[in-house]
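Protein chains in written order, with the working numbering: chain Z, 1 to 110; chain G, 1001 to 1114.
Here it is, written out as structure tokens:
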């Protein structure tokens, strides 16, 4: 099956620091989605990237899709305590099936 | 408000019991999915369905089966529950098409098998 590596597994930052999580695939992707799961909650869709080299922003969140469409990143500028949760990438294979990365758990201390 | 509803938030079953996890969506989505979530392993796809009566194996289908008799309902069945199936089970749905769109998740069903 498709190999998806997400790093780091866990990161603890002070409020105001930046945070980045990376998603790397062994195969070329048709698209990639990102989800956030708050503690005790269920995953919630953040964004979908489709084009090679695409960059999208949502307030303090910046999403990138690599030129080769094999990797992606999510960067949060000036983290806040509300950013706490686990961030998952979900590479799309183009065949309706959606496989998730192992996730990066973010903890933000005030 | 769009919704994916899972029938049980918490279940406790005994080894060998048959377990049904029900999921209903009200968005007229073609695709439905069952994942299990375990610490350190993320979400792993068990089965998915892209149409009524259609099903496809995910990455970890062993020990599970599914049923999709109606478009809005996707059931996960554990024929004979085992302790290693203790987990959080998440149902999701999405629009159809060649590329999977945004997934909408239910609240999850936490299953404990004793």
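Think of the CB as a built atom: it goes at the ideal place given N, C-alpha and C, for glycine as much as any other residue.
Values in this document were obtained by computation on a predicted structure and should not be read as measured data.
*Of all Cβ atoms in chain G, is any one closer than 8 Å to the Cβ of residue 42 of chain Z?*
yes
*How long is the line joining the alpha carbons of residue 1108 of chain G and residue 6 of chain Z, rounded to whole angstroms?*
23 Å
*Tell me residue 1070 of chain G's beta-bridge partners as DSSP assigns them.*
G:1073
_Residue nearest to residue 1020 of chain G in terms of C-alpha spacing, selected from G:1093, G:1085, G:1094, G:1103_ = When only C-alpha atoms are compared, the closest one is G:1085.
_Every unbroken alpha helix (DSSP H) inside the region 1003–1085 of chain G [4 residues or more]_ = Restricting attention to alpha helix (DSSP H) runs no shorter than 4 residues, the region 1003–1085 of chain G encloses none.
*For residue 1003 of chain G, count neighbouring Cβ atoms within 10 angstroms of its own Cβ and tell me buried if that reaches 16, exposed if not.*
exposed
*Over the uninterrupted beta strand (DSSP E) stretch that includes residue 1110 of chain G, give me the two end residues.*
1109–1113
*Between which two residues does the beta strand (DSSP E) harbouring residue 60 of chain Z extend?*
Segment: none, residue 60 of chain Z is in no beta strand (DSSP E) and carries neither H nor E.
*residue 65 of chain Z and residue 74 of chain Z look like a contact to me (Cβ under 8 Å); what is the Cβ gap, rounded to whole Å?*
Rounded, the Cβ-Cβ distance is 11 Å, inconsistent with contact.
_For a quick check, are the C-beta atoms of residue 72 of chain Z and residue 14 of chain Z less than 8 Å apart?_
no
*Are at least three pairs of beta-carbons, each pair with one atom in the region 1014–1030 of chain G and one in the region 1066–1086 of chain G, less than 8 Å apart?*
yes
_CB contact flag (residue 21 of chain Z, residue 87 of chain Z, <8 Å)_ = yes
*Might you give, ordered along the chain, the residues of its own chain that have their beta carbon closer than 8 Å to the beta carbon of residue 1048 of chain G, omitting 5 neighbours on each side?*
Apart from sequence neighbours up to five positions away, the residues of its chain that approach residue 1048 of chain G with a beta-carbon distance below 8 Å are 1031, 1032, 1033, 1034, 1055, 1056, 1058, ordered along the chain.
_Within chain Z, partners of residue 1042 of chain G - CB distance below 8 Å_ = 6, 88, 100, 101, 102, 103
*Taking buried to mean at least 16 other C-beta atoms within 10 Å of its own C-beta, is residue 1087 of chain G buried or exposed?*
buried
*Figure out for me which residue from Z:27, Z:106, Z:58 has the closest Cα to the Cα of residue 81 of chain Z.*
Z:106
_From the DSSP secondary-structure annotation, give me the bridge partner or partners of residue 91 of chain Z._
By DSSP's assignment, residue 91 of chain Z forms a beta bridge with Z:32.
_Excluding the 5 residues flanking residue 90 of chain Z on each side, which residues of the same chain have their C-beta closer than 8 Å to its C-beta?_
32, 33, 34, 35, 98, 99, 100, 101
*Which residues in the same chain have their Cβ closer than 8 Å to the Cβ of residue 11 of chain Z, if we skip the five residues on either side of it in sequence?*
19, 21, 104, 105, 106, 107
*asked:* I'd like to know whether the C-beta of residue 11 of chain Z is nearer than 8 Å to at least one C-beta of chain G.
replied: No, residue 11 of chain Z lies away from the interface with chain G (no Cβ there is under 8 Å from its Cβ).
*Does any C-beta atom of chain Z lie closer than 8 Å to the C-beta of residue 1107 of chain G?*
yes
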